[in-house]
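Input: a single structure, listed below in structure tokens.
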Amino acid sequence: MSLPTPKRTSNLRPLNDRKNVPATGTFICNVDDIDNPGARGFTRGTGAHAFNFFIVRKGDSAFAYVNECPHAFLPLNRITTKFLTLNEEKILCAAHAASFQIEDGLCTGGPCAGKKLLSIPLNNIAGALFIAEN
Ligand code: FES
-12 MSLPTPKRTS NLRPLNDRKN VPATGTFICN VDDIDNPGAR GFTRGTGAHA
38 FNFFIVRKGD SAFAYVNECP HAFLPLNRIT TKFLTLNEEK ILCAAHAASF
88 QIEDGLCTGG PCAGKKLLSI PLNNIAGALF IAEN
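Under the numbering used here, the sequence shown has 94 at position 107, and the numbering climbs by one with no breaks.
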């Protein structure tokens, strides 16, 4: 008998199928290290298996995502160093102008509407951000 496969909310490869994902409990940065609102990119590892992700800050909250767009699987900041729209209310993939909700990574405009960024669970402990259990 096999267990049911967890429902996937993204067309992107899951975290457990990627290399160099920071382990549960890894400290990433403090919320105050990120502009408000703003975002900051991170890389773990090098070369073809580098793991690229970013954290978006909105007030005292922070949301982490794999830096890979569910449209053409490109880094969201491939063309620009920024991760947010001009009004800083959404995440932007500059490649083909897809926009995503900050809180859940849902694409609400552009070529991958209805698809989601792959989120990375975070623990926010008094403003310090750690990778949480996936
Ligand atoms: S790769 Fe992101 S919108 Fe096309």
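For every residue, glycine included, the Cβ atom is placed at its ideal position computed from N, Cα and C.
CB contact flag (residue i, residue j, <7 Å)
| i | j | result |
| --- | --- | --- |
| F50 | I89 | yes |
| C16 | L116 | yes |
| L63 | C80 | yes |
| G32 | R44 | no |
| C99 | A82 | no |
| I78 | T13 | no |
| R39 | T30 | A small correction: the amino acid at residue 39 is Asn; Arg does not occupy that position in the sequence shown. Against a cut-off of 7 Å, the Cβ pair of T30 and N39 comes out as a contact. |
| G114 | V18 | yes |
| L(-1) | N121 | no |
Where the beta strand (DSSP E) through residue i begins and ends
| i | result |
| --- | --- |
| I78 | 77 to 80 |
| C94 | 94 to 96 |
| A26 | 25 to 31 |
| F117 | 115 to 118 |
| L109 | 109 to 112 |
Counterpart residues of residue i in DSSP-defined beta bridges
| i | result |
| --- | --- |
| T13 | Note: T13 sits in no beta bridge, so no partner. |
| R44 | G25, A49 |
| A85 | C80 |
| S106 | Y52 |
| F38 | R31 |
heavy atom of the ligand SAM below 6 Å from residue i C-beta
| i | result |
| --- | --- |
| F50 | No copy of the ligand SAM appears in this structure; the ligands present are the ligand FES. |
- Does the pairing of the stretch 51 to 60 with the stretch 99 to 114 give three or more beta-carbon distances under 8 Å? yes
- For the stretch 4 to 16 against the stretch 60 to 72, are there 3 or more C-beta pairs whose distance is under 8 Å? no
- Query: Around the ligand FES, which residues pass a check of Cβ closer than 5 Å to any of its heavy atoms?
  - Reply: C56, H58, A59, L61, C80, A82, H83, A85
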